Each structure stands twice: as C-alpha cells, then as structure tokens.
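Data block below; observations after.
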Amino acid sequence: MEAILALEDGTWFSGASFTGDGETGGEVIFNTGMTGYQEILTDPSYVGQMVCMTYPHIGNYGVNLDDVESSRIRVEAFIVKECCKTPSNWRAKKSLPDYLREYGVMGIEGIDTRALTRHLRLHGAMRGLISTREKDPARLVARCRELPTMEGSNLAETVTPAKPYTWSANGPKEAVLNDGAYAWPGPGPRLVVFDFGIKWNILRLLADQGFDMLMVPSSFTAEQVAKLSPDAVFFSPGPGDPATLQGPIAQIARMTGSYPLGGICLGHQLLGTALGGSTYKLKFGHHGINHPVKDLLTGRIEISSQNHGFCVDISRLDDVEMTHVNLNDQTLEGFRHKKKPIITLQYHPEAGPGPHDAQFFFTRFRTLVRETTGK
C-alpha cells in the first residue's frame, strides 16, 4: 500500500506501508543498530518518535516472547528499507509486520533510508507524518508543522505507572502499601526506583545485584519516599524533554544527600538538573549500539548502547565531575558528585539491545550503596 513520509522542512519520501492503512506523526530519528529492533520497538524512551533503521534489511529473525523491554510497542512508527515478512529463527513466534499490526503501529518500507539518515544528520531530527490516506505531500508537510515539538513535550507522564509495583522473574506486579509504608520482603538493600519509562532489563540487572526494589510513579514526593524507608533511590530512563519535569526535579533536589542516588538516561538528566545543571537538545541525538565512550575513572573505552536526544551541561557545577565522555562529539555521558553519593550514566549500561561493556555500572552503584549505608 502506497505511503508517504513527509518532514516539516518540506522534504518527503515515497514508500509502502507493510502494516496496512493508517496515518501517524512524531519526531523522526535514526538508529544505527543492525539488530535489536524488538528491544527498540518496546523501549518507552521512543514514545513520540518514528524510528528509521539505517541497516537495510530488518525483520529477519522475527519477534519472540522474551526480547521485550516493556509491555507493548512504544514507537509511533517504524521506517525500514526492506522488511522481512517470512522470518527464520527458532525463537520467532510471529513476523515483524504482524507484531506491529497487533499494536496498531505503522511500518513503512521502500524508503531510501540512506538518504533520510543523511538528511536528518545534516539538518537534525524533525517532525514528520506518515500517511497512506493523504496523497498530497505539501498538505502533509503543512500538517507536520502543527505537530508538537520534542522540546517542551512531557512524555514521561504518559508512560510512568499509575501505582507502585514490584518486580520478579514473572514481570511487574502491583505493590501493596499500608498508609504509605511498604513491607519490604527480603534482607537486601531497599531500593526505590522512579519509573519514568524504565526498560525491564534495568530491573533484571538491579535485582541481580541483590536489591529489594519498589518502583514508583514519577509523581512521588520526597515525603512519600521517606515513608518507604529506602536505603537508596534510582531514577530511570524515559521519553521527552527533561526540562518539562520540574516537579520531579524539585523532589530529587530534596533527596540529594539523604540517600545514595543513581540514574540512567533521563534519570541522569534529571539528577544533573536537580544539582544545578541544565539540559539542551542534540541536533540528531545518539541512537544506536556502537557509540564509543571513555570512562575517565579507569581510562577504559566502551562500545555503548545509546538512545537520547538531550544532553546535560554541568560545566558550572564545582561539586560535580564528568566520569564518561562520548568520543564522537565530546558530550557528557556520565557524572558523579564529589561530596555526595551520586553516580549516573547518560547511555544504557543494561544494553537491551547492545554490548555489555557498561554493565559494571550496576556493580558500581551497588558498591556505592554498600559503602554509604553498610548494607
């Protein structure tokens, strides 16, 4: 079925929908991973975005029941050069087109993804519309310009849970609180995790470190956290503009110094802002599984999994120091506080998808909690 992808700057591409009739819009970005599309599709940080895969042939190994990072597909649309409709893999339970149709998400192929990627790299990520219904590209371009921009969009509130929950090998389960208190089930250090759009592999790896965890909505206050009597607090990744989350930023600022704190991606950005830093939007973001990062504490080079469109500026903060730097553009990829037990990473140590070079971060956070609390 013929489809058009139109961009807000007037550029448009013709292709074909492999999921049927439809229309959708969002910020168009590109991901340089050759594999890992199922994890990408289910990552809540992609809410509001239409993802273009730079690798030309996607869908070869189908979709399975295990490689998911949340309960559903989160991207607004999926853009590929060629989609495989007949996958061949012993784990596959369905094809990529069937998976997208199951959640009502549009998929488009036949696009010149090399040209699209080059355009976004040169001109930046931008708003776009995909449609099988509107045949006039000019009209689609005009409508693109009416879409909300990523800057100023509070998308974390659309994916944060409504109530606290726990995590086990069987997945998430609603937690029971008694007058705001929680009966922690085990002897492990108590970790409250703010869920702004977390990936499940982060929870798996935190659990592997021996934490007893309780996940809470983004709206939780410092007083509510105190009632839970945690030993540490962690802030998850999530979608949207971190500058819109002024409520959570204010609550995080109140928690600094009270507990060991850790954060990944959006959590890293919120911690940086709560400590007095600021955020800014990258031209086309970092989205892929092959980004080189240097750990300034060890001198070690990591190949990392990344998915962020915003970055933190801590240059004016005397008590905060960079721990990780992106070797492509020299942007901040991690920091620590010189006086308080706070560490962060901008990129994704849990991988899912991607290399495992940075999984040390979970061990480093566990060590920080142990050294700070004795637990």
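Be aware that the sequence shown starts at 333, since it is given in this note's numbering, and climbs by one per residue. Think of the CB as a built atom: it goes at the ideal place given N, C-alpha and C, for glycine as much as any other residue. If you're wondering where the values come from, they're calculated on a predicted model, not measured in any experiment.
Notebook entry, point to check: Q370 to R404, Cα distance in whole Å?
Noted result: If you draw a straight line from the Cα of Q370 to the Cα of R404, it comes to about 10 angstroms.
Notebook entry, point to check: Do you know whose CA, among E408, C597 and G439, lies nearest S349's CA?
Noted result: G439
Notebook entry, point to check: Does the count of Cβ pairs from the stretch 613-620 and the stretch 448-459 closer than 8 angstroms reach three?
Noted result: Enough Cβ pairs lie closer than 8 angstroms, so yes.
Margin query: Between L337 and G460, how many whole angstroms is the CB-CB distance? I'm expecting something under 8 angstroms.
Written below: Indeed, because the Cβ distance is near 6 angstroms, the residues count as touching under 8 angstroms.
Check: Does P496 get closer than 9 angstroms to chain D when you measure Cβ to Cβ?
Finding: The chain inventory of the structure shown lacks chain D, comprising one protein chain alone.
Checklist line | DSSP-derived helix/strand/coil call for V548 | finding: The answer is strand: DSSP assigns V548 an E or B state.
Check: To the nearest angstrom, how far is it from the Cα of I635 to the Cα of D468?
Finding: 43 angstroms
Check: Under three-state DSSP, which class holds G666?
Finding: strand
Next item on the list: Using 10 angstroms around the beta-carbon of L397, count the other beta-carbons present and answer buried if the total reaches 16, otherwise exposed.
Entry: exposed
Notebook entry, point to check: What's the gap between the Cα of D527 and the Cα of V379?
Noted result: 14 angstroms
Notebook entry, point to check: Going by DSSP, which residues form a beta bridge with H623?
Noted result: S636
Check: Who are the near neighbours of H389 in its chain, counting only those whose CB is closer than 6 angstroms to its CB and skipping five residues on each side?
Finding: E414
Check: How big is the Cα-Cα spacing for L505 and T343?
Finding: According to the sequence as given, residue 505 is Lys; it is not Leu. Going by the C-alpha atoms only, they are around 45 angstroms apart.
Note to self: Give me the residue from A558, S500 and Q638 with the minimum Cα distance to G686.
What the structure shows: For G686, the nearest C-alpha among the options comes from Q638.
Checklist line | Which of helix, strand or coil DSSP assigns to F543 | finding: It is coil, neither helix nor strand.
Checklist line | For W499, the nearest candidate out of G620, P592, R586 and L546 (CA to CA) | finding: L546
Next item on the list: State the Cα-Cα distance for the pair G352 and H669, rounded to the nearest angstrom.
Entry: 51 angstroms
Notebook entry, point to check: Do you know offhand how far T386's Cα is from C416's?
Noted result: 15 angstroms
Item checked: Straight-line gap, T553 to A513 (C-alpha atoms, nearest Å) -> 13 angstroms
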